[in-house]
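Novice: Heads up: the sequence shown runs through residues 18 to 258, numbered per the working numbering.
Each residue gets a CB set at the ideal place from its N, CA and C atoms; glycine is no exception.
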Amino acid sequence: MAGHSKWANIQHRKGRQDEKRGAAFSKIAKEITVAAKMGGGDAAFNPRLRLAIDKGKGVNMPKDKIDNAIKKGTGELEGVDYVEVRYEGYGIGGAAVMVDCLTDNKTRTVAEVRHAFNKHGGNMGTDGCVSFQFKHCGVILFAPGTDEAALMDAAIEAGADDVVTHDDGSIEVVTPPGDYLGVKEALEAGGFKPEFGEVTMKPENTTELTGDDAAKMQKLIDVLESLDDVQEVYTNVELAE
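As structure tokens, then:
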């Protein structure tokens, strides 16, 4: 694993997310709506909704947008009926790529995703072709210089699965997906301030791309993420600056 570049990769990714904040609002609103429709509008009793709201707050999504998305899910406001679909494929150098979507038209979505893969050096695969390379989990990242021993004790006590210290000094706390928010809140209450956190599909192993290959892979990721129906893009690649 390219552990030395973990911190740089996360900072780079956060910067890109900030640039695309408007689009993020729309995608998170979809997730909130679907979560509310599936599990009800009370976040206290709907872990998926609580997680989606937390994601919205993380990008400073206005409260009225969050509330309206919940109401669309519960039927208080008129909304679109979305379905969840996942597409799998390969990027530059055979990199594993998974694309999670929420859509009201699967025919349109699969065509757009396939076109993005084909145009930018990748190709779509069959269901399950790369998903075995990823683990569904929560990830909470802390800056270099964080007290490793104290964080490890607090994380394990809070219910974390693992604590990993990277070569660059950053520390990653890995949690079961359903325990992510509880662990994150417990660590924050204990005085540990995370720099980044999410429930994700974490690759079991990563490879690093550099130069032109890294630029081409970033382009493929950017194009996929720009599609209206795409919620998340996961890959096993670390992109060198």
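Helix or strand or just coil, what does DSSP make of A203?
Specialist: In the structure shown, A203 sits in a helix (DSSP, three-state: H, G or I).
Novice: Assuming F209 is part of the alpha helix (DSSP H), what are its boundary residues?
Specialist: Segment: none, F209 is in no alpha helix (DSSP H) and carries neither H nor E.
Novice: Indicate the three-state DSSP secondary structure (helix, strand or coil) for A160 in the structure shown.
Specialist: Reduced to three states, the DSSP call for A160 is coil.
Novice: Taking the DSSP output, what are the residues bridged to Y251?
Specialist: The partner list for Y251 (beta bridge, DSSP) reads M115.
Novice: What's the C-alpha gap between S187 and G73?
Specialist: Between S187 and G73, the C-alpha separation is close to 25 Å.
Novice: Please name the residue in Y99, D121 and V116 whose C-alpha comes closest to that of G145.
Specialist: It is V116.
Novice: Counting C-beta neighbours from all protein chains within 10 Å, is the total for A19 16 or more, i.e. buried, or is it exposed?
Specialist: For A19, the predicted structure reports a pLDDT of 38, less than 50, and the residue's modelled location is therefore unreliable. The matter cannot be settled from this model.
Novice: Which residues bound the beta strand (DSSP E) around D170?
Specialist: That residue, D170, is in no beta strand (DSSP E); its alpha helix (DSSP H) goes E165 to A175.
Novice: By the three-class DSSP mapping on this structure, what secondary structure does H153 have?
Specialist: If DSSP states are grouped into helix, strand and coil, H153 belongs with the strands.
Novice: Which class does N85 belong to by DSSP, given the choice of helix, strand or coil?
Specialist: If DSSP states are grouped into helix, strand and coil, N85 belongs with the helices.
Novice: Across which residues does DSSP place I188 in a beta bridge pair?
Specialist: According to DSSP, I188 bridges with F159 and T182.
Novice: Starting from the C-beta of A52, find all residues in its chain whose C-beta is less than 6 Å away, skip the five residues before and the five after it, and write them out in chain order.
Specialist: Taken in chain order, the residues that qualify are R65, L66 and A69.
Novice: Measure the CB-CB distance between G162 and L198 and report whether it falls below 9 Å.
Specialist: No, the pair does not count as a contact, with Cβ atoms beyond the cut-off.
Novice: Between the segment 124-137 and the segment 168-186, do three or more beta carbon pairs fall short of 8 Å?
Specialist: With the cut-off at 8 Å, the segment 124-137 and the segment 168-186 do not touch.
Novice: Using a Cβ-Cβ cut-off of 6 Å (strictly less than) and excluding sequence neighbours within five positions of T50, which residues of its own chain qualify?
Specialist: Answer for T50: A86, K89, G90 and G96, listed in chain order.
Novice: How big is the Cα-Cα spacing for L94 and T227?
Specialist: Taking the straight line joining both Cα atoms gives about 47 Å.
Novice: If you reduce the DSSP assignment to three classes, tell me which class T143 lands in.
Specialist: T143 falls in the coil class under three-state DSSP.
Novice: So, I238 versus T252, is the Cβ gap smaller than 9 Å?
Specialist: Their beta carbons are under 9 Å apart, which means I238 touches T252 by this criterion.
Novice: Taking the DSSP output, what are the residues bridged to P220?
Specialist: According to DSSP, P220 bridges with F151.
Novice: I need the DSSP call for G106, collapsed to helix, strand or coil.
Specialist: In this structure, G106 counts as strand in the three-state DSSP scheme.
Novice: Could you pull out every residue in the same chain whose Cβ sits closer than 6 Å to the Cβ of H21, ignoring the five residues on either side in sequence?
Specialist: Bear in mind that a pLDDT of 46 at H21, under 50, signals an unreliable position, so the model cannot answer this.
Novice: E242 by DSSP, collapsed to three states: which one?
Specialist: Of the three classes helix, strand and coil, the one that applies to E242 here is helix, per DSSP.
Novice: Provide the residue(s) that pair with V100 in DSSP beta bridges, ordered along the chain.
Specialist: Partner(s): T120.
Novice: Using 10 angstroms around the beta-carbon of E255, count the other beta-carbons present and answer buried if the total reaches 16, otherwise exposed.
Specialist: That one is buried.
Novice: DSSP state of E93, grouped into three classes?
Specialist: Correct three-state label for E93: coil.
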